[in-house]
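Under full-length UniProt numbering, the first residue of the sequence shown carries the number 1, and numbering increases by one thereafter.
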Amino acid sequence: MYESLGFKETGRAEHAVERDGHWFDEVVYEAPVSMLLERIAAEESARAEGEKLEEQRLEAERQSDRIAQR
């Protein structure tokens with residue numbers, strides 16, 4: 001999954017963690033800082049756009065409520 005996001009596996013320790021009788025590997029992933037910063041900026045932009053659209057939707061609902069009450 002992380003590889004699809006641009007991360008590369010750089011280390012692995014087999015059977016590093018035991019939980020409820022099951023052993024799990026410890027995996028280390030790395031990605032270029034520039035790529036991570038681009039992703040953060042894109043997510044912030046998408047969030048801001050979503051909030052703007054939600055605000056417009058709520059305002060439209062308020063206006064339709066006012067019209068219906070007249």
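No residue lacks a Cβ here, since even glycine has one placed at the ideal position from N, Cα and C. Quick caveat: nothing in here was measured; it's all calculated off a predicted structure.
The Cβ-Cβ distance between Val33 and Glu9 does not fall below 9 Å. Here Glu26 really is in contact with Ala13; their C-beta atoms are around 4 Å apart, less than 8 Å. When Arg39, Glu18, Val17, Glu59 are compared, the shortest CA-CA separation from Gly6 is found for Arg39.
Beta-bridge annotation (DSSP): Gly11 is paired with Val28.
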